[in-house]
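Going from the sequence shown to my numbering is simple: count from 1 and add 37.
Below is one structure, written out as structure tokens, with a few remarks after it.
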Amino acid sequence: MNRAHTIREEKPGGSGDREIVFMSSNTAFEAASASEPRFFDAVETLPREELQALQQRRLLAMVEHAYRHSPLVRCNWEAAGVTPAQIRSIADFKRLAPFMDKDQSRAWRDEHDDPFGGLLCCDPRELSFIASSSGTTGDPTVFGWRWNADGLAPDGCGFDPDGPSAFWSNTHRDLWLMGARPGDSVVMLNMRIRGPVYRCLDRLGITPILISYKPDDVYAFVELSRRYRPVALFTASNPFVNSLENAQRELGIDMAEVLSSYKAVMFAGEPMGPRVRRVLESWNLQGRIYNQTAFGDIAVAHECPLHDGVHAHEDIALVELVDPETGKTIEGDGVGELCVTSLVNGVDPLIRYRSGDMVRLTTEPCACGRSGARFWTLGRTGDEVVVEGHTILPMDVWGAVEDVEECSAGLFQVIRPARDLPALRLRVGYGGNPDLDLVRRKLEASVKAAVGVTPELELLPYAELGKYGPRNKMPRTAKQ
């Protein structure tokens with residue numbers, strides 16, 4: 038049954054509602070009709086000048102709001118000798134506003150016994166729920182949420198009541214472009230991270246199928262996929278795909294048939310290794326695998342059906358590139374550390390937040406029709422090691438590990454007590470009961486061919502290595 042929903046179109050200098058009738062669709066790029074637009078929200082295709090005007094209006098309001106209500110933001114700005122009165126444009130903000138990062142918030146939390154790290158801009162009693170990140174790189178980042186007046190979605194900030202909820206607006210827009218429609222169902226595996234995200238599907242008329250996230254127990258996923266034929270999976274990971282592959286091999290389950298209804302499989306938690314992509318594509322998912330990555334802890338970002346970078350929805354965040362060494366802004370397109378500023382989250386906004394993610398960014402419009410920026414995550418600023426003059430990132434090692442049959446799950450860590458190291462030390466997982474001397478020789482040769490350095494290896498069974506991180510992903514660097 039088709040259902041109608043109203044979407045608010047927001048245009049600089051004016052406002053108005055339009056009614057959009059959501060109809061079922063077989064492909065994300067099916068020609069849009071008068072009753073089914075190609076994009077979920079008109080803001081996705083705003084000309085760059087209009088988008089920047091919208092950003093500036095929201096930024097000026099957010100700066101004032103965060104300065105008044107966020108203890109950490111106010112402290113940072115007072116230390117820098119800057120006030121909101123000095124910020125009259127995006128250019129002023131980039132020139133004067135101090136940076137913040139995760140370590141500052143953690144330090145504030147510990148020093149002031151503030152579980153919200155100095156970010157919360159409301160009375161804690163107003164919060165509807167508290168969620169967190171996975172904590173892969175350290176302590177989990179806490180996110181506070183407050184329901185809006187109708188109790189159906191997280192609150193936007195009070196000074197812009199028509200502004201979208203950052204996390205959910207991304208998800209709505211991206212699911213729509215992937216082909217999800219009212220009446221469809223979506224499997225939700227990632228239930229703890231960032232709270233009850235499944236409720237955002239209610240706003241689309243989509244039914245969530247909730248499954249506990251246990252990468253080594255995929256049978257519920259197989260059964261429910263066959264029974265309800267969902268159109269999307271939110272989200273897969275390397276361990277989960279490895280478990281699906283094991284189920285196919287050991288039990289004879291036809292994973293291509295199980296996944297035949299899926300228009301989109303979102304992959305998150307860490308980069309997708311080359312072997313895992315090949316496995317997914319062998320199940321007839323070519324073109325339907327979507328990378329999901331962090332949008333600077335403000336939200337998540339996804340690829341569109343053209344798979345040419347993840348889309349940064351710039352109406353919810355101001356995006357900058359920063360030189361990780363000098364801290365200076367990199368103007369225009371290029372490579373640098375992703376820095377973001379919340380434009381619609383009035384509960385715990387991040388203001389000029391250095392994410393620690395190294396990205397390549399472009400503001401060239403995407404061929405899909407969206408006008409906002411896109412980026413490609415290259416790694417973490419703290420992941421790089423230099424050995425014998427070779428600069429090495431985990432992604433440089435990944436394929437070399439997967440190419441060794443006994444280690445094909447691609448579970449490994451780079452041991453990184455410092456950036457400059459006398460040797461490349463790797464902790465690598467293996468399956469079964471192989472000849473470890475042979476595995477060691479194969480890994481040494483494979484890694485050296487990839488990065489030019491022979492590694493020092495610590496070999497552990499997969500189950501043992503899995504204890505070094507969350508069950509849904511593997512931290513790719515460790516201090517020891």
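Ideal Cβ positions, reconstructed from N, Cα and C, are used throughout, including at glycine.
Contact check between the region 385 to 398 and the region 131 to 145: three or more CB pairs, one atom from each, fall below 8 Å, which counts as touching.
Cβ atoms of L261 and L296 stay farther apart than 8 Å, at about 12 Å. Taking W413 as the centre and dropping the five residues before and after it, the same chain places the C-beta of G346, V396 and R397 closer than 7 Å to its C-beta, in chain order.
Per DSSP, reduced to three states, the secondary structure at G489 is coil, with no helix or strand assignment.
With the rule of 3 Cβ pairs closer than 8 Å, the region 422 to 439 does not count as touching the region 377 to 391. Taken in chain order, the complete beta strand (DSSP E) segments of 3 or more residues contained in the region 402 to 430 are 411 to 417, 422 to 424 and 427 to 429.
Here the C-alpha atom of L157 lies approximately 37 Å from the C-alpha atom of F449. Look at S169 here: in three-state DSSP terms it is strand. In the DSSP assignment, P245 is bridged to V223. A338 is bridged by DSSP to T330. Around the Cβ of A117, a 10 Å sphere holds fewer than 16 other Cβ atoms; the residue is exposed.
By the neighbour-count definition (other C-beta atoms within 10 Å, threshold 16), H102 is a buried residue.
Distance check between G324 and each of T330, A331, T244 and R315 places R315 closest, using alpha-carbon atoms only. Cβ contact annotation for Q285 (same chain, cutoff 8 Å, sequence separation greater than five): D291 and M292, in chain order. For G373, same chain residues with a beta-carbon under 8 Å away, outside a window of 5 residues either side, are L358, V359, D360, P361, I367, M395, V396 and L398 in chain order.
Contact between L226 and L281 does not hold, since the beta-carbon distance rounds to 12 Å and is not under 8 Å. In the DSSP assignment, L281 is bridged to no other residue. It is roughly 22 Å from the alpha-carbon of P402 to the alpha-carbon of A128.
A direct Cα-Cα distance of roughly 21 Å separates P498 from R453. Straight-line measurement puts the Cα of G220 at about 31 Å from the Cα of A410.
Between R236 and the set G216, S206 and M215, the nearest pair of CA atoms involves S206. Nearest C-alpha to L355 among C341, V302, A460 and L375: L375. According to DSSP, L355 shares a beta bridge with T378. Cβ-Cβ separation between I429 and L461: approximately 6 Å, consistent with a contact (criterion under 8 Å). With respect to the C-alpha of E351, the residue from F332, F153 and T514 having the closest C-alpha is F332. Exposed is the label assigned to P161, since fewer than 16 other Cβ atoms lie within 10 Å of its Cβ.
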